[in-house]
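Participant:
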Amino acid sequence: AGMSCHVTQSFDWQGIKFQNKEVPTLDLTSLEQKLGGTPLLGLIGYNILSEYALTLDYRAGRVLLRQPDPAAAPPAALLRVPFTLSGHLPVVTMTAGSQTFRVGVDTGAQANLLDQQYEAGLARVLRRVSTAQLSGADAAARTVTTARLPEVRLAGSLAFRKQATVFADMAHLNQNPNRETLQGLVGYPLLSEYRATIDYVNKELYFNAW
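Per our numbering, the sequence shown starts with residue 4, numbered consecutively.
1) Have a look at Val155 and His175 and give me their C-alpha separation to the nearest angstrom.
2) Alpha carbon to alpha carbon, what distance is there between Ala135 and Arg145?
3) In whole angstroms, what is the alpha-carbon distance linking Leu57 and Asp202?
4) Excluding five sequence neighbours on each side, which residues of the same chain lie with their C-beta closer than 6 Å to the C-beta of Arg164?
5) In this structure, does DSSP put Ala123 in helix, strand or coil?
6) May I ask you to verify whether the segment 97-104 touches the segment 45-60, counting CB pairs closer than 8 Å and requiring at least 3?
7) Helix, strand or coil for Tyr191? Go by DSSP, reduced to three states.
8) In whole angstroms, give me the CA-to-CA distance for Thr184 and Asn177.
9) Based on DSSP bridge pairs, tell me the residues matched to Asn115.
10) Could you tell me how far apart the beta carbons of Val169 and Thr149 are, in whole angstroms, since I believe they sit closer than 8 Å?
11) For a test of the three-state rule: what should DSSP assign to Ile47, helix, strand or coil?
12) With DSSP as the reference, please indicate the residues paired to Asn211 in a beta bridge.
13) Please say whether Val108 and Leu92 have beta carbons closer to each other than 8 Å?
14) Can you tell me where the beta strand (DSSP E) with Ser89 in it begins and where it stops?
15) To which residues does DSSP link Gly107 through a beta bridge?
16) Taking Cβ positions, are Ala63 and Tyr209 nearer each other than 8 Å?
17) What is the C-beta distance between Tyr55 and Arg69, in whole angstroms, given that I count them as a contact (C-beta under 8 Å)?
18) DSSP beta-bridge partners for Val204?
19) Is Gln186 closer than 8 Å to Asn115 when the C-beta atoms are compared?
20) Tell me which residues share the same chain as Trp213 and place their Cβ nearer than 8 Å to its Cβ, disregarding the 5 neighbours each side in the sequence.
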């Protein structure tokens, strides 16, 4: 089903509120099925999160929102990485196997993603290489390579290890000429290794020990 719009009379998420605002609506059935039948009433995205620093606490099963104080010193962290925005996606530089990639930070991605053109260049470092069937928005199944990158880095010496990665055609994600061309996406495998915070206000991604 396509996307339409609906005027929401009242929205209240843990004190974050708005009234009489037009929001997009769409059928979430396919996403519910991918989540094992979990019923979903909606998705909370960048239009809400853009005013906050979002901490992903996977171990506690919760998200934390903080309004950054521009006058305060930044919180201590193992690693701080500035990002730019491409649409609503934070974009950072990632290094893997001595190669550098521009990747979007996608909190909804189950695995990291790199465009299929980079698979051959990383072949010598890939582990547990296999293939899988991946269904796209058009419901057509495509064969993709799945593998594990032993180590990737975003900046400095902090390593993200054993990163589950899919190699697939990313052309459909790079169709907007007004947005930066991405070579990959990073999601759950990278964001869950440390306690990750996406500070949308100061455009900074930072990581702390669990």
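A virtual CB, placed ideally from N, CA and C, is assigned to each residue, including glycine.
Facilitator: Put simply:
1) Indexing the sequence shown from 1 puts residue 155 at position 152. Indexing the sequence shown from 1 puts residue 175 at position 172. Val155 and His175: Cα-Cα distance of roughly 25 Å.
2) As a position in the sequence shown, residue 145 is number 142, starting the count at 1. As a position in the sequence shown, residue 135 is number 132, starting the count at 1. Each residue's Cα considered, the two are about 8 Å apart.
3) The count along the sequence shown starts at 1 and reaches residue 57 at position 54. The count along the sequence shown starts at 1 and reaches residue 202 at position 199. C-alpha separation (whole angstroms): 6 Å.
4) On the sequence shown, residue 164 is found 161 positions in, with the first residue counted as 1. Glu154, listed in sequence order.
5) Position 120 of the sequence shown, counted from the first residue, corresponds to residue 123. Ala123: helix per DSSP, three-state reduction.
6) no
7) In the sequence shown, counting from the first residue as 1, residue 191 sits at position 188. Here Tyr191 sits in helix by DSSP.
8) As a first step, residue 184 is located in the sequence shown; it is residue number 181 there, counting from the start. As a first step, residue 177 is located in the sequence shown; it is residue number 174 there, counting from the start. Computed Cα separation, rounded: 6 Å.
9) Numbered from 1 along the sequence shown, position 112 holds the residue referred to as residue 115. Asn115 is bridged to Thr168.
10) Within the sequence shown, residue 169 is the residue found at index 166, counting from 1. Within the sequence shown, residue 149 is the residue found at index 146, counting from 1. Contact flag correct, Cβ pair sits at about 5 Å.
11) Residue 47 sits at position 44 when you count from the first residue of the sequence shown. Note: Ile47 maps to coil in three-state DSSP.
12) Position 208 of the sequence shown holds residue 211. Paired residues: Arg198.
13) Taking the sequence shown and counting its residues from 1, the one referred to as residue 92 is at position 89. Taking the sequence shown and counting its residues from 1, the one referred to as residue 108 is at position 105. For Leu92 and Val108, yes; Cβs fall inside 8 Å.
14) Counting from 1 along the sequence shown, the entry for residue 89 is found at position 86. Segment Thr87 to Ser89, the beta strand (DSSP E) holding Ser89.
15) Position 104 of the sequence shown, counted from the start, is the residue given in the question as residue 107. According to DSSP, which records beta bridges pairwise, Gly107 is partnered with Val94 and Leu188.
16) By 1-based counting over the sequence shown, the position of residue 63 is 60. By 1-based counting over the sequence shown, the position of residue 209 is 206. Their beta carbons are not under 8 Å apart, which means Ala63 does not touch Tyr209 by this criterion.
17) Start at 1 with the first residue of the sequence shown, and residue 55 comes out as number 52. Start at 1 with the first residue of the sequence shown, and residue 69 comes out as number 66. The Cβ separation is near 6 Å, so the contact holds.
18) Residue mapping note: residue 204 aligns to position 201 of the sequence shown, counting from 1. Partner(s): none; Val204 has no beta bridge.
19) Counting from one through the sequence shown, the residue named residue 115 turns up at place 112. Counting from one through the sequence shown, the residue named residue 186 turns up at place 183. For Asn115 and Gln186, no; Cβs fall outside 8 Å.
20) Numbered from 1 along the sequence shown, position 210 holds the residue referred to as residue 213. Within the same chain, Trp213 has close Cβ partners Arg62, Tyr197 and Arg198.
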